[in-house]
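Here's the structure we're looking at; comments come further down.
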C-alpha cells in the first residue's frame, strides 16, 4: 500500500480526481468529513445510547455521543503526531502532493467520530439481541429464504458493518450516504471482510466483519481506490486494514480503557483508593506529586490521572505505529497497537476491574435484560409485517405498523434480505429511550 493512494480525497460519484494541492485550506475535504458526521441525525441519536450504564440519570456518565467525541479528540492527536513523523519520513507527500501532518489528524478524527454510529440501542447487548433473534429466535424462519452470507449478516449483526451502511447507503436526495472521502471510509473500516467464511485467526482484522452484503459493491469500490492489500488468495473478500485504522482503534481502546474506568470510580462502583493506584501505575514517570496532592475531590484526582494516562498512551501508540509502518503498509501487521504496549499488563488489570465492577454490575445487567426484550419485540413485529407484505398476506395490524415507519425506511424492494436489513437498520438507529417508547406503543402501553 502507498500513502498517496491511501489518502484519497475521492467521494461517491466523483468523475475527476481530487488533488490535495488544489484543496481549499480553509475547508479541507477531510475536515468536511468530520462536519458531515457531526451534523447527521444518526450521530445525534448517540446522545441517548448506552456507553457503559444504560439509561443513566447521572450527568457525568458517558453516552455513545460523548464517548465518540472524546475518541475523535484522541484520534486527532494520534493522527497529527503520526502525520508529522510520516511527513518527515516521506517528504514527497508534502513537497509533491501537498499533504500536511494535520491531514492525517483530520482523517483519523472523522473516522473516530463515526466509529460507533452503527451501534444499536443498549450497547453491545443490542447487537447480540438482534443476532439472537435471527439465530435462535423467531427470525430463524428466514434462514432458508436467504443466502448463507445474507443470513450470517443477520445472525452476527455487527455495529461496524451497520456503521458502514449508514455512512454509504444511498436514498433519494442522499446518494452515496454522507459522501465521505474514501480515505476516511477506509480508516473507519476496522474489519475489511465479509461475514462468511469464518476463519478464526489471531489477526486483529479477523475479529469481526466490516460490511453487509448489501454494501458489498460500495466496499469493493472503496478498497480498490485505496489500494488495500487482498489477504485472501481465493474468492473470499478479505483485505488488510487501511493503516490509519490502527490509530482509530487505538483512540477507541485508550478512551474506553481509561474513561469507562473513570465512570466506574465516579459512580462508586470501583473504590477510589483501589482504583487510583492502577492509574498511577500508568503515569508514574510523569505525575507531579505536589500538584496531585493539592487536589481535594475524587473527580479532580481521577481527571488529572486520566489526562496523564491518555497522553502517555497516545505518545506510545504513535511510536508503535511509526516503528511498524512497514509491516502495516505491506499488510503483515496483525495486532492492535496497544497489544504491543509496555503498559499492557496495567491496561489488562484496568479492563478486568471495569468488566467485573461496571460492565457486569447489577444495574447494567438488569437494563441489558430489559433491552433484549425491547429489541426482540420490535424485531418480531416489524419482520413479521415485512414477511407478510412480501407474501401478500398483510393483516390490518401489519399495515398500521408499516405506516408508522419513517419514509427513509425503504421497504419497496421485493428482496427479503433488503427489507430485513432495512428493518434492522431502522431499529439500530433508535436511541435507547426511543426504542423503549416504540416498544410501549406496539404493546399498547403508551396512548
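In UniProt numbering, the protein residues as written are 1 to 447.
The beta-carbon is built from N, C-alpha and C at its ideal position, and this holds for glycine as well.
Inter-residue spacing [alpha-carbon to alpha-carbon] between residue i and residue j
i	j	result
residue 40	residue 87	32 Å
residue 174	residue 411	17 Å
residue 187	residue 242	6 Å
residue 55	residue 125	Caution is warranted here: a pLDDT of 49 is assigned to residue 55, below 50, making its placement in the model unreliable, and the coordinate value is therefore given only provisionally. Going by the C-alpha atoms only, they are around 14 Å apart.
residue 152	residue 417	11 Å
residue 445	residue 103	51 Å
residue 449	residue 101	Residue 449 is absent from the model: the chain starts at 1 and stops at 447.
residue 179	residue 16	15 Å
residue 212	residue 235	16 Å
residue 450	residue 322	It is not possible to answer for residue 450, since the shown part of the chain is limited to 1 through 447.
residue 156	residue 64	21 Å
residue 354	residue 267	12 Å
residue 231	residue 326	16 Å
residue 288	residue 440	53 Å
residue 335	residue 198	18 Å
residue 171	residue 165	12 Å
For residue i, the nearest candidate out of the options (CA to CA)
i	options	result
residue 66	48, 80 and 82	48
residue 203	145, 192, 385 and 290	192
residue 453	237, 212 and 213	As displayed, the chain neither begins before 1 nor continues past 447, which places residue 453 out of reach and without an answer.
residue 214	420, 321, 12 and 433	420
residue 448	99, 396, 21 and 116	What is shown of the chain runs 1 to 447, which leaves residue 448 out entirely.
residue 284	265, 307, 298 and 272	307
Neighbourhood of residue i by C-beta distance below 8 Å, restricted to the same chain and skipping five residues each side
i	result
residue 438	378 and 430
residue 142	134, 151, 154, 383, 387, 416 and 420
Sequence-distant residues of the same chain with beta carbon closer than 6 Å to residue i, five excluded per side
i	result
residue 138	380
residue 244	107, 108 and 187
CB-CB length for residue i against residue j, believed under 8 Å
i	j	result
residue 409	residue 422	5 Å
residue 34	residue 113	6 Å
residue 460	residue 220	Residue 460 lies beyond the stretch modelled for the chain, which goes from 1 to 447, so this question has no answer here.
residue 436	residue 374	6 Å
residue 123	residue 76	The pair is not a contact, with the Cβ atoms about 25 Å apart (cut-off 8 Å).
residue 314	residue 254	7 Å
residue 43	residue 37	6 Å
residue 168	residue 185	7 Å
residue 301	residue 276	6 Å
residue 71	residue 251	5 Å
Where residue i falls, given that 16 or more other Cβ within 10 Å makes a residue buried
i	result
residue 27	exposed
residue 218	buried
residue 293	exposed
residue 263	buried
residue 182	buried
residue 140	exposed
residue 344	exposed
residue 79	buried
residue 91	exposed
residue 239	buried
Own chain partners of residue i with C-beta closer than 7 Å, once the 5 adjacent residues on each side are dropped
i	result
residue 207	191
residue 351	257
residue 361	269
residue 83	101, 102, 103, 104 and 105
residue 394	388
residue 128	none
residue 371	54, 121, 122, 125, 126 and 129
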